[in-house]
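Numbering of the sequence shown is given in the working numbering, commencing with residue 1 and proceeding in unit increments.
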Amino acid sequence: MSPLRFLWQRTAGQRAWMALGLLLALLTTLANIALLALSGWFISAMALAGVAGVSLNYFTPAALIRLAAIVRTAGRYGERLTTHEATFRVLAALRVWLYERIEPLAPQHLEQYQSGDLLSRLRADIDSLNNLYLRVWVPAWVALLSSLICLLVLLRFDGALAAWLGLMWLITGWGLPWLAYRFGQASALAQQQAMNVLRTQWVGDLRGLAEVQLLGAQALQTARIDMLSAAVVSAQRQQARLSGAFQGAYTLAVGLSVLGTLLLAIPALHEHRIAPPELAMLVLLAMASFEALMPLPLAFQSLGESRHALARVLALADAQADVQDPVAPQAMPLGNALQLDGVCFRYLSTQPWALDHVDLQLPERARMALVGPNGAGKSSVIALLTRLRAPQSGEVRLGGVPLQALAGDDVRRRFAVLSQHAHLFNTSVRENLRLGAPDADEAQLRSACAAAAIDDFIDSLPKGLDTPVGELGSALSGGQARRIALARTLLKPAPILILDEPTEGMDAVTAQRVMAGIHAWVTSRGQSFLLITHRPLETVGMDAIYRLQAGQWQRH
């Protein structure tokens, strides 16, 4: 699929803005051509009239010149306004479309990508596709339509002149862009690949900046960034050379066109096929008409980059999720009892089984703990229960209904889950908490914070709940960030609560307070509770405890 066709298919809701921007751009270009051509005719006609001592109606051409100037000025403003509005709308539509396509791929399919690579596809590659409208689509259509209109005007005066300029427009508007596209593909691909590698390295270094400083590896990482930056600069230099060459070719084509116009128009003047003022008008029209063609070589030089960006975006967007929703999902069951029956699961066929014929039951409103060392398959149970992954054999049921018969989003609405690596967004404590319950009021937020034993710390902050947490919670300690993530999970109104290592990074006293708050919260809301931990002391108060023994989960 070509990038332009893809852009057209994905922007149905923005086509009115796109068309309006194109119309204003065309109107502005035609007004500029008319302004220059009419001015040339008017000045020449007035000069000749003065020499000949004849009268001339200068009101009409003067009014037309003023009209063209006003249309050009107002049209340029309107064109900038509408095309940028269309560009931002297209950008929003493309990013929302891509996010909607990749959201079902998490986590299993997205694990093969580095975070910097995903960011590059979501931002830089989408930006490259978005630029097609402003840099390629609008200039190409304006060049085509304005050239056709100018050709019709020229045919009224002289067929040979129209043929000459038509040929030069074809060379400049099609030949040069085609050559720019062909010769620019390799350097565009090299530049894009170099930038993607550099962005991925940047993101990785920034996320691990503390470790880099602690290990004293700043010089090593800086040298790596310098090397990758040099590759980007080399590709950009090649692109700049091509741009300069094609801009020079464009300037040469304009000069030849004007020269050819003069050589053809002067004999027509001697043969009285055109009037003397029309000579100046036609020469200036020829010069001004190339304004619409000027952006095309550079635009088509970048088209190769857009093709590669589209390939990267589609490789991500067209991927199929490992866990597919049924064509006709069953209605969600009324009950919330959970059951794993003979479940076998592993992440890759080359790896050992994370779960091997596991049988587990969590009755509604019951409390169960899974205790075992790291790598025992505890977190795998969460992925299976929330239908983020599917077992290779066996069955997982919710309310007696197999999960494969239910829609994944509907299943996940029944769960409030604190994962082992919960993410805090770079915003305030309040906004992070409200991800769990967007409509939560102040009292509900503070109640959840109290249950997570983080209320005293928040009250000690000058801005309280409005305190920024920093990138990835960097303004907080590990235990504080964990408790805020826990409070956010508690806020979600779901009948089943799953907590994976909720007291990670906390001292024994704080962990005891947190577990007491969790049990009180679960009791007050009548939730089912699944606790995953490697600390046996945290299993006090649980209805059932499963421990990993000989590769199997055994109840104690």
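Glycine included, C-beta positions come from ideal geometry on N, C-alpha and C. Keep in mind it's a predicted model, so treat the numbers as computed, not measured.
Nearest neighbour of residue i, chosen from the options [CA to CA]
i    : options                : result
N196 : M168, G13, I126        : I126
A180 : A249, L144, V233, C449 : A249
W553 : S243, V343, R66        : V343
L296 : A47, I102, W178        : W178
W353 : P104, M368, M332, G377 : G377
R346 : T533, Q108, L91, L67   : Q108
L490 : F529, T510, F457       : F529
L279 : L36, H534, A19, M542   : L36
Q320 : D410, Y113, A106       : A106
A188 : Q301, R95, R414, V212  : Q301
T539 : I518, A416, T82        : I518
I484 : T533, V509, H421, P495 : H421
L91  : S115, I498, M18        : M18
R623 : L285, A240, A235, D205 : Missing from the structure shown is residue 623; the chain here goes from 1 to 556 and no further.
L20  : R80, R135, A511, A68   : R80
L403 : L355, L259, L64, A337  : A337
Residue i, DSSP secondary structure in three states
i    : result
F290 : coil
H272 : coil
L348 : coil
E100 : helix
Q320 : coil
L26  : helix
P139 : helix
P468 : strand
I518 : helix
Y77  : helix
R488 : helix
D543 : coil
D507 : coil
Q108 : coil
T386 : coil
L296 : helix
G436 : coil
S302 : coil
I171 : helix
D205 : helix
Opposing strand residues paired with residue i [DSSP bridges]
i    : result
T533 : V371
Q193 : Bridge partners of Q193: none, in fact.
C449 : Bridge partners of C449: none, in fact.
D125 : Answer by DSSP bridge pairing: none, since D125 is not bridged.
I496 : F415, S528
R397 : Q339, P402
P177 : Looking at the DSSP assignment, P177 forms no beta bridge with any residue, so it has no partner.
L360 : L340
L355 : F345
S428 : P468
Where residue i falls, given that 16 or more other Cβ within 10 Å makes a residue buried
i    : result
I266 : exposed
H308 : buried
A443 : exposed
T172 : buried
L385 : buried
D466 : exposed
S380 : buried
E395 : exposed
A520 : exposed
D500 : buried
L334 : exposed
A86  : buried
E211 : exposed
R199 : buried
P502 : buried
S524 : exposed
V138 : buried
T11  : buried
P391 : buried
L262 : exposed
V283 : buried
The ligand SAM heavy atom lying under 6 Å from the CB of residue i
i    : result
I274 : The model depicted lacks the ligand SAM and carries no ligand whatsoever.
Counting pairs of beta carbons, one from the segment 308–328 and one from the segment 271–287, are three or more of them closer than 8 Å? no
I'd like to know if the segment 277–295 and the segment 22–38 are in contact, where contact means that at least 3 CB-CB pairs between them fall below 8 Å. yes
Touch test, the segment 142–158 against the segment 225–239, Cβ-Cβ under 8 Å, three pairs minimum: Proximity of the segment 142–158 to the segment 225–239 falls short of the contact definition, fewer than three beta-carbon pairs being nearer than 8 Å.
Three or more beta-carbon pairs under 8 Å between the segment 533–549 and the segment 367–377, yes or no? yes
I want to know whether the segment 402–413 touches the segment 353–364 - three or more CB-CB distances under 8 Å. no
Do the segment 423–430 and the segment 451–467 make contact, defined as three or more Cβ pairs closer than 8 Å? yes
With contact counted as at least three CB pairs below 8 Å, one residue from each stretch, are the segment 249–263 and the segment 113–123 in contact? no
At least 3 beta-carbon pairs within less than 8 Å: the segment 502–511 vs the segment 468–485: In short, these stretches touch, since the Cβ pair count reaches three.
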